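J.: Chains as they are written, first to last, in UniProt numbering: chain A, 1 to 147; chain B, 1 to 140. This is the structure I want to talk about, given as structure tokens.
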Amino acid sequence: MSARPQVDPRGPRFAAWVTSAVLVAVLLTGWWPLLAAQVVVFAVGAFASLSAAPYSVLYRVLVAPRLGPTDEREDVAPLRFAQGVGFAFALVGTLGYAFGVPALGVVATAFALAAAFLNAAFGLCLGCETYLLLHRLPGSTRTVSDH
Amino acid sequence: MTGALVALGTLLVAAVVGFALRARDGRVRAREDDTAARVPAEVRAALDAGARVTLVQLSTTFCAPCRQTRVLLSDLAARTDGLAHADVDLTDRPELAKALSVLRTPTTLAVDSRGVELLRVGGVPKRENLLAALAPHLPG
């Protein structure tokens, strides 16, 4: 057994689907308070604890009891990093919508949606796989990875 | 209206990217140049002196498929004569990633006992393809 914290990998996939749906709704309505709520969701997962993140709670209460248990486990660190990347995009998007720069809001939300959808549909975590690439950019996501 | 088009466009582009990445995942690529240059010393330090070929897995803390790759490669090394597995964490060594031209993790390098890279695999390797590509470099 690995000592690193791990979770049932189906939880994050479920959360990615919910995130995708929320972000599509944001793009359709342009209603920024919904995106602001998603920022909070990302923040809880990235900076507080993954198991306290609202969609994880939803998964444990509603979905997990209907599925069989699994021995498959996934490390928590990459997932939290991905939530941090989502947080950054959603935050920029919220500020864009809220302060009258809807184009910025739309673009940032679209990037967050692309990443969430790739995770949900393909199990791909772009933020994780390209961590090295992000790391090389000046002023990058270093703050997210430092905790 | 714009929002709906953007949402649709984003999902389409993401789907194309997803299929493209999935198709590329695990593909074996031979070394591109013929210089037979040796890999950096930090990587050579991880080589198994007793093995013909060491599979050097490049990982980061934030890489989800690295775990799966680790299980696969260590099993492959244990079952194959002359093959070893080593894990190099690049999380805090972006300069090494740059020297190796590695953009994503996991990337696996097959390195011979001289320290020369034979081939590399991006993403989770496919067992059969990797074994077939390694066969000319292994005993028997």
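Just so it is clear, CB atoms sit at the ideal spot from N, CA and C, and this is done for glycine as well. The model shown is predicted, which means the values in this text are computed figures rather than measured ones.
Could you check if Asp-146 of chain A is buried or exposed, using at least 16 other CB atoms within 10 Å of its CB as the buried criterion?
T.: Because the pLDDT of Asp-146 of chain A is 38, which lies under 50, any placement of that residue in the model is unreliable, and the question is left without a value.
J.: Taking buried to mean at least 16 other C-beta atoms within 10 Å of its own C-beta, is Thr-69 of chain B buried or exposed?
T.: It counts as buried.
J.: For Ser-56 of chain A, name the three-state secondary structure that DSSP assigns.
T.: Residue state, collapsed to three classes: helix.
J.: Name, please, each residue of chain B whose Cβ falls closer than 8 angstroms to the Cβ of Thr-130 of chain A.
T.: Leu-103, Arg-104, listed in chain order.
J.: In this structure, how does DSSP classify Leu-138 of chain B when only helix, strand and coil are distinguished?
T.: DSSP places Leu-138 of chain B in coil when its eight states are reduced to three.
J.: Using a Cβ-Cβ distance under 9 angstroms, would Val-13 of chain B count as near chain A?
T.: Yes, because at least one Cβ of chain A sits closer than 9 angstroms to the Cβ of Val-13 of chain B.
J.: Taking C-beta to C-beta, are Ala-90 of chain A and Thr-109 of chain A nearer than 9 angstroms?
T.: Yes.
J.: Report yes if the C-beta of Val-92 of chain A is less than 8 angstroms from at least one heavy atom of the ligand GTP; otherwise report no.
T.: For the structure depicted, the ligand GTP is absent and the ligand set is empty, with no information on it obtainable.
J.: Using a Cβ-Cβ cut-off of 9 angstroms, state whether Arg-22 of chain B counts as contacting chain A.
T.: Taking Cβ atoms only, chain A reaches closer than 9 angstroms to Arg-22 of chain B, which makes this a yes.
J.: Can you give me the start and stop residues for the alpha helix (DSSP H) that Asp-75 of chain B sits inside?
T.: 65-79 is the extent of the alpha helix (DSSP H) around Asp-75 of chain B.
J.: So Gly-18 of chain B and Leu-118 of chain A are supposed to be a Cβ contact under 8 angstroms. How far apart are they, rounded?
T.: Correct: roughly 5 angstroms between the Cβ atoms.
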